[in-house]
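One structure is given below, encoded as structure tokens.
2 protein chains.
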Amino acid sequence: MVNHSDPQLDCLFHALADPTRRHMLQRLAQTPQTVSALAEPFAMSLAAASKHIKVLERAGLVQREVQGRTHTCRLDAHPLHGGLEWIRHYERFWTDRLDTLEALLQAEDRDAAAPRRSIRKPPRKPKRSTP
Amino acid sequence: MVNHSDPQLDCLFHALADPTRRHMLQRLAQTPQTVSALAEPFAMSLAAASKHIKVLERAGLVQREVQGRTHTCRLDAHPLHGGLEWIRHYERFWTDRLDTLEALLQAEDRDAAAPRRSIRKPPRKPKRSTP
């Protein structure tokens with residue numbers, strides 16, 4: 024059974040609900056980066072970027088390594104597994120809908136290929152010529 | 024390529040970032056419900072529950088049918104598919120880590136099963152008895 028009140032899911036989905044944070048994760052998926060390198064492409068202050076990084080850390084998606092003044096961020100994708108499992112629980116709902124749609128389309132194709140008996144008019148009987 | 028600035032993902036993940044909303048989705052997965060029936064189990068005002076339902080509607084996860092004064096909510100799981108795809112993009116990161124861990128454990132098991140040659144002392148040569 025999926026646990027709906029799991030606070031880790033709150034933090035995870037909140038972290039993913041922002042395009043800057045999703046973009047940061049994508050960049051960290053390529054290579055670990057310092058905070059300033061990670062903040063660089065975004066049109067925001069370093070303080071604002073740091074807030075986004077902290078949200079990612081709270082969700083467990085980013086691990087920070089401090090060496091002197093250099094803070095290096097690494098992706099930890101593990102918490103995403105919980106999010107994937109939660110969403111997968113609902114997969115049957117859209118899969119069932121797609122199956123129904125496919126069945127309907129196939130039935131329509133069959134109808135189109137079959138001779139349309141119901142639409143065809145019955146063959147005309149030759150009119151009796153009045154004597 | 025996954026689009027990181029998709030506003031639908033913002034709405035979807037924001038909708039999922041709250042335990043009440045996740046619980047509402049779970050109840051709607053069982054059967055469609057009126058707004059008041061959906062709000063009933065939660066210790067909050069009808070107005071507060073309505074706000075949650077509106078967030079779910081904005082994400083496209085709930086469809087509302089209005090008949091007179093009765094508002095019936097239905098689950099539409101389709102937007103979850105986009106979220107699943109986004110997360111799946113990162114699946115290899117935790118799968119790779121698990122594979123590495125498994126490989127390490129297997130290597131450890133092999134080492135434990137193999138005879139410890141390096142630790143064994145070489146067989147003693149019989150001392151030559153002095154003539």
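Which chain is which? The protein sequence lines are B and R, in order.
What the first sequence shows, in the numbering used here, is residues 24 to 154, in sequence order.
What the second sequence shows, in the numbering used here, is residues 24 to 154, in sequence order.
We put the CB at the ideal spot given by N, CA and C, even for glycine.
As the structure is a prediction and not an experimental result, all values here were calculated from the model.
Query: Counting beta carbon pairs with one atom in the segment 97–107 of chain R and one in the segment 29–39 of chain R, are three or more of them shorter than 8 Å?; Result: yes
Query: Please classify His44/B as buried or exposed, where buried requires at least 16 neighbouring CB atoms within 10 angstroms.; Result: Reading off the sequence, residue 44/B comes out as Arg, not His. Label assigned to Arg44/B: buried.
Query: Are the C-beta atoms of His104/R and some chain B residue less than 8 Å apart?; Result: yes
Query: Going along chain R in order, which residues have a C-beta closer than 9 Å to the C-beta of Ile76/B?; Result: Within 9 Å Cβ-Cβ: nothing; Ile76/B doesn't reach chain R, min ~16 Å.
Query: Which word fits Val78/R, buried or exposed, when buried means at least 16 other C-beta atoms lie within 10 angstroms of its C-beta?; Result: buried
Query: So that I know if they touch, is there some Cβ in chain R lying closer than 8 Å to that of Arg87/B?; Result: no
Query: Are Leu51/R and Val89/R touching if we call contact CB-CB under 8 Å?; Result: no
Query: Can you list, in chain order, the residues of the segment 41–59 of chain R whose Cβ is nearer than 8 Å to any Cβ on chain C?; Result: In the structure shown, chain C does not exist; the protein chains are B and R.
Query: Can you pull the chain B neighbours of Phe36/R, defined as C-beta to C-beta under 7 Å?; Result: Phe36, Leu39 and Ala40
Query: Can a CB atom of chain R be found closer than 8 Å to the CB of Ala100/B?; Result: yes
Query: What are the boundary residues of the beta strand (DSSP E) that Glu88/R is part of?; Result: Val85 to Gln90
Query: For chain B, is any of its Cβ atoms less than 8 Å away from the one on Arg81/R?; Result: no
Query: Does any residue of chain B have a CB that is nearer than 8 Å to the CB of Leu127/R?; Result: no
Query: What in chain R is Cβ-close to Leu61/B, meaning under 9 Å?; Result: By Cβ distance, chain R contributes nothing, its closest Cβ being about 14 Å from Leu61/B, past 9 Å.
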